[in-house]
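Participant:
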Amino acid sequence: MAVRRICMHACGGITKVGATVARLATYVVAEELVPEKTLISCAPAFLRGVEEDVLMVVKSPSIALDGCEWSCGTNLLFLAGITPAVRFLLPEYAEAQGYDLSGGSRRYPSGVTKDFSRRVAERVAGIAAGMMESGSPYRFERPELKKQPEKWFRSAPNMEGVMEFVRIEPGVYRPATMPPLPEESAGTAGDPAPAVQGSARVAGEVGDGGAGEEVTDGG
Amino acid sequence: MAVEKVTVFPCGGIGDPVSSVTRLAGYILADDLLPGRVELVSIPSVITGVPDSLELVQAYPVIALDGCGHRCGSNALNLVGIKPAARLFTPRVRSETKNAIGRRRPFPEVSGQRLAKDLAERAAVIARHMLEDVEYTFERQAISPSPDGLHDESFDIEEALGYEEMEAGCFHCSGMCAFKLEKDPELRRRLEEEIKEYEELEGFEC
Numbered sequence: 059m060a061v062r063r064i065c066m067h068a069c070g071g072i073t074k075v076g077a078t079v080a081r082l083a084t085y086v087v088a089e090e091l092v093p094e095k096t097l098i099s100c101a102p103a104f105l106r107g108v109e110e111d112v113l114m115v116v117k118s119p120s121i122a123l124d125g126c127e128w129s130c131g132t133n134l135l136f137l138a139g140i141t142p143a144v145r146f147l148l149p150e151y152a153e154a155q156g157y158d159l160s161g162g163s164r165r166y167p168s169g170v171t172k173d174f175s176r177r178v179a180e181r182v183a184g185i186a187a188g189m190m191e192s193g194s195p196y197r198f199e200r201p202e203l204k205k206q207p208e209k210w211f212r213s214a215p216n217m218e219g220v221m222e223f224v225r226i227e228p229g230v231y232r233p234a235t236m237p238p239l240p241e242e243s244a245g246t247a248g249d250p251a252p253a254v255q256g257s258a259r260v261a262g263e264v265g266d267g268g269a270g271e272e273v274t275d276g277g
Numbered sequence: 002m003a004v005e006k007v008t009v010f011p012c013g014g015i016g017d018p019v020s021s022v023t024r025l026a027g028y029i030l031a032d033d034l035l036p037g038r039v040e041l042v043s044i045p046s047v048i049t050g051v052p053d054s055l056e057l058v059q060a061y062p063v064i065a066l067d068g069c070g071h072r073c074g075s076n077a078l079n080l081v082g083i084k085p086a087a088r089l090f091t092p093r094v095r096s097e098t099k100n101a102i103g104r105r106r107p108f109p110e111v112s113g114q115r116l117a118k119d120l121a122e123r124a125a126v127i128a129r130h131m132l133e134d135v136e137y138t139f140e141r142q143a144i145s146p147s148p149d150g151l152h153d154e155s156f157d158i159e160e161a162l163g164y165e166e167m168e169a170g171c172f173h174c175s176g177m178c179a180f181k182l183e184k185d186p187e188l189r190r191r192l193e194e195e196i197k198e199y200e201e202l203e204g205f206e207c
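Structure, rendered in structure tokens:
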């Protein structure tokens, strides 16, 4: 089905600057850049079973914003049977965009924390706009919510061995099982830097399938 | 016996402004009031299994900061089989102190910042008792999936954890060592004089 709304799923962390950036970026998108058409997913409320928080991740494609390599945003969705449409790995994206998060505040929306969150928000908004654009070829299949507590407590950095990704640009990934983004199909996605994650490839780099071909190796 | 550290578990929400209040309360506690003695932990990192987070909720008593009536912090701890050593319930504290949550989400308004201080003050009093009273006892807990309340808001988390209100907004969990709540004027002075309140932060109106 065509996409009417996008759900943003920040990692929910509290100890790292990346988590604060993820949180602030969702506010910038939802309150300024793409109001009305973007939803903010609340991880604890989702776990609690608050109806709106469950429905939003089932009915709309999610953009996960991971504040560190532990990827709790992506992983928490995965544990519920949901694969995000896009995943941001914010430390990597920060480096690629020239932001040094080492001096950023995790407590206040100030300095590089604030500046980088806006940069992230702009990129999220751009991807969301492409997915929701009238006539966009992007389609979304509603996932089925699963309860899989047997898979809890087994985190691996960057979802290694659990989920494979196509790299759109440094710090921006699409799970290999999800549809290519409109910008991939148009050949305008990201930059062609080589993949740094073991299980990721750069969009457009792979075989003869062109941009966004699914990755099949765990490499 | 007392304990070496205390873990604080703010609700971790994002959609409701109160989540920014509980988050700020956690930072005030860990950065300003009891640095090095309080550790912050987030909900997703425990469920997904980040090693440091798992250790913190098992090795030390956990103070849960529930932001709203959904009680997500308590529920998340229950999901992983951890009993909170204490729980603060923000709506009750807010009723007591009359400091409003406010409406802004990126960072709380001044009233919300004051409410965060109210929460941090109570949590600090409880944490200090756990850290300093030789009669306070705590046994290491072990995580185990307890999915009764997973995606099920009808689950009665208050009953499951056997909460008992010791003072307005401060709850004891059944089976855990009792804690004391002794007011500390010096703590209040520090909160009022040393922790700045912001009406504006680099373009974010508070």
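The listed protein sequences derive, respectively, from chains A and B.
Under our numbering, the residues of the first sequence are numbered 59 to 277, in order.
Under our numbering, the residues of the second sequence are numbered 2 to 207, in order.
Cβ atoms here follow ideal geometry from the backbone N, Cα and C, with glycine treated the same way.
1. Please list, in chain order, the residues of the region 169-189 of chain B that have any C-beta partner in chain A closer than 9 Å.
2. Using a Cβ-Cβ cut-off of less than 7 Å, list which residues of the region 104-118 of chain A approach chain B; keep chain order.
3. Tell me the DSSP secondary structure of L35 (chain B) in three-state form.
4. Is the beta carbon of I44 (chain B) less than 8 Å from the beta carbon of A77 (chain B)?
5. Give the residues from the region 194-220 of chain A that approach chain B closer than 8 Å (Cβ to any Cβ), ordered along the chain.
6. Hey, is L65 (chain A)'s beta-carbon within less than 8 Å of any beta-carbon in chain B?
7. Report the partner residues of T8 (chain B) according to the DSSP bridge assignment.
8. Under three-state DSSP, which class holds L132 (chain B)?
9. Among A:K95, A:T84, A:K209, A:R81, whose alpha-carbon lies nearest the alpha-carbon of E191 (chain A)?
10. Taking DSSP as the reference, what is the three-state secondary structure of T91 (chain B)?
11. Kindly confirm or deny that the region 67-76 of chain B and the region 154-162 of chain B touch, where touching means at least three C-beta pairs closer than 8 Å.
12. Using a C-beta to C-beta distance shorter than 8 Å, which residues of chain A count as neighbours of D32 (chain B)?
13. Between T235 (chain A) and chain B, is there a C-beta pair that is closer than 8 Å?
14. Would you be able to state if there are at least three C-beta pairs under 8 Å between the region 145-153 of chain B and the region 10-18 of chain B?
15. Do F180 (chain B) and H130 (chain B) have their C-beta atoms within less than 8 Å of each other?
16. Could you name the residues of the same chain whose beta carbon sits closer than 8 Å to that of A169 (chain B), not counting the 5 residues immediately before and after it, in chain order?
17. Express the C-alpha separation of L147 (chain A) and K204 (chain A) in angstroms, rounding to a whole number.
18. Between the beta-carbon of V51 (chain B) and the beta-carbon of Y137 (chain B), is there less than 8 Å?
19. Can you give the Cα-Cα distance for G70 (chain A) and D134 (chain B), rounded to whole angstroms?
20. Please go through the same chain and pick out, in chain order, the residues whose beta-carbon is closer than 7 Å to the beta-carbon of P237 (chain A), but skip the five residues on each side of it.
21. For M66 (chain A), report the span of its beta strand (DSSP E) as first-last.
22. Any contact between the region 140-155 of chain A and the region 118-129 of chain A? By contact I mean 3 or more CB pairs, one from each, below 8 Å.
23. Pick helix, strand or coil for P250 (chain A), following the three-state DSSP scheme.
24. Which residues mark the beginning and the end of the beta strand (DSSP E) in which L147 (chain A) is found?
25. Determine whether the beta carbon atoms of R164 (chain A) and V75 (chain A) lie at a separation below 8 Å.
26. Just verifying my parser: in three-state terms, what is the DSSP assignment at E154 (chain B)?
27. Where do the N-terminal and C-terminal ends of the beta strand (DSSP E) with I98 (chain A) fall, by residue?
28. Taking only the alpha-carbon atoms, compute the straight-line gap between E90 (chain A) and S243 (chain A) and give it to the nearest angstrom.
29. According to the Cβ coordinates, are I64 (chain A) and S118 (chain A) closer than 8 Å?
30. Going by DSSP, name the residue or residues bridged to C178 (chain B).
31. Please report how far the alpha carbon of M177 (chain B) lies from the alpha carbon of V126 (chain B), in whole angstroms.
32. Considering only their Cβ atoms, is the gap separating F104 (chain A) from M221 (chain A) smaller than 8 Å?
33. I'd like to know if I72 (chain A) contacts chain B, where contact means its C-beta is closer than 8 Å to some C-beta of that chain.
34. What residues in its chain sit with their C-beta under 7 Å from that of F183 (chain A), if we drop five residues either side in the sequence?
35. Less than 8 Å between CB atoms is the rule here; does R62 (chain A) satisfy it with respect to chain B?
36. In three-state DSSP terms, what is D185 (chain B)?
Facilitator: Taking the geometry as given:
1. none
2. L105, R106, G107, V108, V112
3. In the second sequence, residue 35 (chain B) corresponds to position 34, counting from 1. Of the three classes helix, strand and coil, the one that applies to L35 (chain B) here is coil, per DSSP.
4. Walking along the second sequence from the start, residue 44 (chain B) turns up at place 43. Walking along the second sequence from the start, residue 77 (chain B) turns up at place 76. It is a contact, given that the beta carbons lie within the stated cut-off.
5. L203, K205, P207, E208, W210, F211, R212, S213
6. The residue given as residue 65 (chain A) occupies position 7 in the first sequence. Rather than Leu, the amino acid found at residue 65 (chain A) in this sequence is Cys. No, C65 (chain A) does not count as interfacial toward chain B.
7. Counting from 1 along the second sequence, the entry for residue 8 (chain B) is found at position 7. Per the DSSP secondary-structure output, T8 (chain B) pairs in a beta bridge with B:E40, B:V63.
8. Here residue 132 (chain B) corresponds to residue number 131 of the second sequence, with the count starting at 1. Helix at L132 (chain B).
9. Counting from one through the first sequence, the residue named residue 191 (chain A) turns up at place 133. Of the candidates A:K95, A:T84, A:K209, A:R81, the one whose C-alpha sits nearest the C-alpha of E191 (chain A) is A:K95.
10. Taking the first residue of the second sequence as position 1, residue 91 (chain B) is located at position 90. T91 (chain B) falls in the helix class under three-state DSSP.
11. yes
12. Translated into the one-based positions of the second sequence, residue 32 (chain B) becomes position 31. R165, listed in chain order.
13. For the purposes of this step, residue 235 (chain A) is identified with residue 177 of the first sequence, where counting begins at 1. False, the Cβ-Cβ gap to chain B never drops below 8 Å.
14. no
15. Within the second sequence, residue 180 (chain B) is the residue found at index 179, counting from 1. Within the second sequence, residue 130 (chain B) is the residue found at index 129, counting from 1. Taking 8 Å as the Cβ cut-off, F180 (chain B) and H130 (chain B) qualify as a contacting pair.
16. For the purposes of this step, residue 169 (chain B) is taken as residue 168 along the second sequence, with counting starting at 1. R93, V94, S96, E97.
17. Counting from one through the first sequence, the residue named residue 204 (chain A) turns up at place 146. Counting from one through the first sequence, the residue named residue 147 (chain A) turns up at place 89. Each residue's Cα considered, the two are about 25 Å apart.
18. What you label residue 51 (chain B) is simply residue 50 of the second sequence in a count that begins at 1. What you label residue 137 (chain B) is simply residue 136 of the second sequence in a count that begins at 1. Not closer than 8 Å, so no.
19. Looking up residue 70 (chain A) in the first sequence gives position 12. Looking up residue 134 (chain B) in the second sequence gives position 133. Spanning the alpha carbons of G70 (chain A) and D134 (chain B) requires a straight line of approximately 33 Å.
20. Counted from its first residue, the first sequence places residue 237 (chain A) at position 179. These residues qualify, in order along the chain: Y196, R197.
21. Locating residue 66 (chain A) in the first sequence gives position 8, counting from the first residue. Per DSSP, M66 (chain A) belongs to the beta strand (DSSP E) from 64-68.
22. yes
23. Sequence index remark: in the first sequence, residue 250 (chain A) carries index 192 (1-based). Reliability fails at P250 (chain A), whose pLDDT of 38 lies under 50, so the model's placement of it is uncertain and no value is given.
24. Indexing the first sequence from 1 puts residue 147 (chain A) at position 89. 144-147 is the span of the beta strand (DSSP E), which, as asked, contains L147 (chain A).
25. Walking along the first sequence from the start, residue 164 (chain A) turns up at place 106. Walking along the first sequence from the start, residue 75 (chain A) turns up at place 17. It is a contact, given that the beta carbons lie within the stated cut-off.
26. Residue mapping note: residue 154 (chain B) aligns to position 153 of the second sequence, counting from 1. Three-state DSSP puts E154 (chain B) in coil, outside helix and strand.
27. The residue labelled residue 98 (chain A) in the question sits at position 40 within the first sequence. 96-98 is the extent of the beta strand (DSSP E) around I98 (chain A).
28. Sequence index remark: in the first sequence, residue 90 (chain A) carries index 32 (1-based). Sequence index remark: in the first sequence, residue 243 (chain A) carries index 185 (1-based). Between E90 (chain A) and S243 (chain A), the C-alpha separation is close to 27 Å.
29. To locate residue 64 (chain A), count along the first sequence from 1; it is residue 6. To locate residue 118 (chain A), count along the first sequence from 1; it is residue 60. Cβ distance < 8 Å, so I64 (chain A) and S118 (chain A) count as in contact.
30. The residue given as residue 178 (chain B) occupies position 177 in the second sequence. Its beta-bridge partners do not exist; DSSP assigns none.
31. Taking the first residue of the second sequence as position 1, residue 177 (chain B) is located at position 176. Taking the first residue of the second sequence as position 1, residue 126 (chain B) is located at position 125. Looking at the two C-alpha atoms, the distance is approximately 17 Å.
32. Start at 1 with the first residue of the first sequence, and residue 221 (chain A) comes out as number 163. Start at 1 with the first residue of the first sequence, and residue 104 (chain A) comes out as number 46. Cβ distance not < 8 Å, so M221 (chain A) and F104 (chain A) don't count as in contact.
33. Reading the first sequence from its first residue, position 14 is the one you call residue 72 (chain A). Chain B contact via Cβ: present.
34. Start at 1 with the first residue of the first sequence, and residue 183 (chain A) comes out as number 125. The displayed chain sequence assigns Ala, not Phe, to residue 183 (chain A). Cβ within range, chain order: V87, L91, V92.
35. Here residue 62 (chain A) is taken as the residue at index 4 of the first sequence, counted from 1. Interface flag for R62 (chain A) against chain B is unset, since no Cβ pair is found closer than 8 Å.
36. The residue you call residue 185 (chain B) lines up with position 184 of the second sequence. If DSSP states are grouped into helix, strand and coil, D185 (chain B) belongs with coil.
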